[in-house]
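Numbering follows UniProt numbering, in which position 97 of the sequence shown is assigned residue number 97; successive positions increment by one, without gaps.
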Amino acid sequence: MIQDTTVQDTRIRMKFKPKRIFQMRVAGLAFRDGHVLVHRASHEKFWTFPGGRAEMGERSEETLAREMVEELGVEAKVGRLLWAVENFFHYEGKEWHELGFYYLMDLPETLAFHPTDIIHRVQDGDNELEFRWVAATRDALTELDIPPYFIADEIEHLPETTRHLVWYDGDLDAK
1 MIQDTTVQDT RIRMKFKPKR IFQMRVAGLA FRDGHVLVHR ASHEKFWTFP GGRAEMGERS
61 EETLAREMVE ELGVEAKVGR LLWAVENFFH YEGKEWHELG FYYLMDLPET LAFHPTDIIH
121 RVQDGDNELE FRWVAATRDA LTELDIPPYF IADEIEHLPE TTRHLVWYDG DLDAK
C-alpha cells in the first residue's frame, strides 16, 4: 500500500481570476496591562492581530484557539465576538475580499509580556512571525499601521455587542 504523505491545505481561501482572492480569517484581541497583542510576518511593514485562516469544517472559535496553539504554543480562552468584517483591500498585487471575525481572547499569564520588545518569534510556513504588545490606544495602533484600520478608532471603547462592518482598507502594498 502506498501512503499519501502530501499535506493538504484545508484553509478557507479561494483564488479567482484575475488576481482576486477570498478568505476567511479569524483573529483575537488579547489585553494585558493596558496593551494588546499584535503580530506580523517579519518582512512586512504592517502589523495585525494574531490569528489565521479558518479550515473547512472548523468553527471560527476553533480556528482562533488552534492558531494560538500553533503560533504561540498556548491555549487561548476565546471570548465574545467583537466584529464580523467584510474587508476589501489590495495586497501583494491582488484584490482581496476577506471575511474576518475578531474575538476577545484571554491568554495565559505564562505568555511573556514586555511593553516594547518582541516577545515571541515562530516560523509559520515561509514566514517568520513576530509578536509584541503595544499600548491599546488609538495613537499606538495608528502608528504601528494595523489593519483593519477601524479598530484603532474603537480600541479604547470596544463594542458591547457584536458589530458587522463592511470596510475598505485600501492598498496595503503602498504601506
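Even for Gly, the Cβ is constructed at its ideal location relative to N, Cα and C.
Computed from a prediction, not measured in an experiment: that's the story for all the values here.
Pairwise C-alpha distance: residue j and residue i
i    : j    : result
E156 : R138 : 7 Å
V166 : E95  : 15 Å
L141 : V134 : 8 Å
D9   : A174 : 29 Å
I2   : G79  : Here the model assigns I2 a pLDDT of 43, short of 50, so the residue's position is not dependable, and the following value carries that caveat. In a straight line, the C-alpha of I2 is about 44 Å away from that of G79.
V74  : E58  : 19 Å
D117 : V85  : 30 Å
G100 : T110 : 28 Å
E143 : E154 : 15 Å
G28  : P147 : 13 Å
P115 : E92  : 31 Å
Q123 : S42  : 10 Å
I21  : A112 : 35 Å
P159 : D33  : 20 Å
Other residues of its chain near residue i: CB distance less than 7 Å, five sequence neighbours each side excluded
i   : result
E98 : Q23, R25, N87
K45 : D145, K175
T6  : In this predicted model, T6 has a pLDDT of only 47, less than 50, meaning its place in the structure is not dependable; the value taken from the coordinates is given anyway. The answer is none, since no qualifying residue turns up.
Assumed close pair residue i, residue j - CB separation to whole angstroms, cut-off 8 Å
i    : j    : result
Y102 : L82  : 5 Å
R132 : V38  : 6 Å
R53  : R13  : 6 Å
A76  : D106 : 7 Å
T63  : E71  : Not really, about 12 Å apart at Cβ, beyond 8 Å.
Terminal residues of the alpha helix (DSSP H) in which residue i lies
i    : result
L64  : 60-72
F150 : 150-154
E143 : 138-144
Close beta carbons around residue i, own chain, < 6 Å, minus the five adjacent residues each side
i   : result
D4  : Bear in mind that a pLDDT of 41 at D4, under 50, signals an unreliable position, so the number given afterwards is only what the model happens to contain. So the list is empty, once near-sequence residues are dropped.
E61 : V78
Where the beta strand (DSSP E) through residue i begins and ends
i    : result
E160 : No beta strand (DSSP E) contains E160, which DSSP labels as neither H nor E.
I21  : 20-29
L37  : 35-41
D124 : 118-124
L99  : 94-106
K17  : Where K17 is concerned, there is no enclosing beta strand (DSSP E), given that its DSSP letter is neither H nor E.
Nearest to residue i (by Cα), restricted to the options the options
i           : options              : result
R121        : P18, F31, R13, M68   : M68
L104        : P115, P50, Y168      : P50
H164        : R11, F89, F150       : F150
L172        : G125, T48, K17       : T48
residue 176 : H43, Q123, K19, A136 : Given a span of 1 to 175 for the chain in the structure shown, any question on residue 176 remains unanswerable.
Same chain, Cβ closer than 8 Å to residue i, five either side skipped, listed in chain order
i    : result
T162 : R80, L81, L82, W83, A84
G170 : F89, H90
I119 : L111, A112, F113, F131, R132, W133
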